[in-house]
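Numbering (the numbering used here), first residue to last: 3 to 194. Encoded as structure tokens, the structure appears first; notes follow it.
Here you go:
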């Protein structure tokens with residue numbers, strides 16, 4: 003059965019028509035949806051799936067109770083060691099979903115390091131991604147780091163600095179097997 007990992011920014015709390023159309027395609031194909039339990043995009047997608055009475059969903063949660071499981075779907079608890087906190091804690095759950103999925107569908111506001119980290123993990127695992135980029139309200143298909151570089155070139159300098167500080171994005175892009183492109187230079191110029 004085809005699995006789709008849906009995730010997105012916590013700042014995204016409503017789904018527009020374009021996003022609902024894509025989710026409807028997933029529903030019509032009967033794909034298994036893997037989703038987290040965070041507020042924001044996770045909760046908005048869960049709400050929509052519940053409204054559509056879609057049951058082919060697994061909600062991934064950290065130890066204990068799910069923060070959000072609107073449809074009372076099956077849940078999978080991810081265990082982590084006590085030393086993990088904050089972003090490092092929740093990114094372990096996201097990595098589990100990335101490993102288990104066939105495809106990623108990400109809803110990104112161009113500021114969320116968590117959603118960007120999910121894209122990086124999916125690309126490292128050679129999984130295809132569809133990203134809805136909120137700033138220009140367009141969908142982007144990605145299956146290589148070069149595609150991610152192009153999208154990063156649309157992000158503001160403050161966000162790029164955060165991605166560098168928290169994710170070491172330039173190292174990740176340098177390590178990718180993609181050829182250096184003019185867009186990579188645009189990314190590096192934006193960091194200066």
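Don't be surprised by glycine CBs; every beta carbon is placed ideally from N, CA and C.
Beta-carbon proximity check, residue i vs residue j, cutoff 8 Å
i, j, result
"residue 2", "residue 158", "Missing from the structure shown is residue 2; the chain here goes from 3 to 194 and no further."
"residue 150", "residue 112", "no"
"residue 51", "residue 61", "no"
"residue 96", "residue 9", "yes"
"residue 178", "residue 147", "yes"
"residue 108", "residue 94", "no"
"residue 46", "residue 82", "no"
"residue 144", "residue 125", "yes"
"residue 153", "residue 142", "yes"
"residue 78", "residue 106", "no"
Neighbourhood of residue i by C-beta, 8 Å cutoff - its chain only, sequence neighbours within 5 removed
i, result
"residue 102", "5, 7, 36"
"residue 168", "89, 115"
"residue 34", "3, 4, 5, 6, 58, 59, 60"
"residue 170", "none"
"residue 91", "64, 82"
"residue 85", "none"
"residue 26", "54"
Residues that residue i bridges to, as DSSP identifies them
i, result
"residue 140", "135"
"residue 80", "64"
"residue 56", "None; residue 56 has no bridge partner."
"residue 38", "According to DSSP, which records beta bridges pairwise, residue 38 is partnered with nothing at all."
"residue 33", "Answer by DSSP bridge pairing: none, since residue 33 is not bridged."
"residue 107", "8, 132"
Contacts around residue i, its chain only, beta-carbon distance under 6 Å, and the 5 residues preceding and following it disregarded
i, result
"residue 75", "59, 61"
"residue 123", "97, 100"
"residue 56", "29"
7 Å CB neighbourhood of residue i in its chain, flanking five on each side removed
i, result
"residue 98", "62, 80"
"residue 16", "46"
"residue 21", "109, 134"
"residue 183", "With a pLDDT of 46 at residue 183, under the threshold of 50, the modelled position of this residue cannot be trusted; read the value that follows with caution. Within the same chain, residue 183 has close Cβ partners 148, 151."
"residue 54", "29"
"residue 186", "Caution applies to residue 186, whose pLDDT of 49 falls short of 50 and renders its modelled position unreliable; the model cannot decide the point."
"residue 180", "At residue 180 the pLDDT is 46, less than 50, meaning the model places this residue with poor confidence; the figure from the coordinates comes in the next sentence. If we look at residue 180 and ignore the five residues flanking it on each side, its Cβ neighbours are 146, 147, 148."
Element boundaries [alpha helix (DSSP H), containing residue i]
i, result
"residue 116", "115 to 126"
"residue 72", "Residue 72 -> no alpha helix (DSSP H), and no H or E assigned at all."
"residue 148", "147 to 154"
Extent of the continuous beta strand (DSSP E) to which residue i belongs
i, result
"residue 9", "5 to 10"
*Flag this pair as touching only if the stretch 37 to 48 and the stretch 63 to 73 have three or more C-beta atom pairs under 8 Å; answer yes or no.*
At 8 Å Cβ cutoff, the stretches touch.
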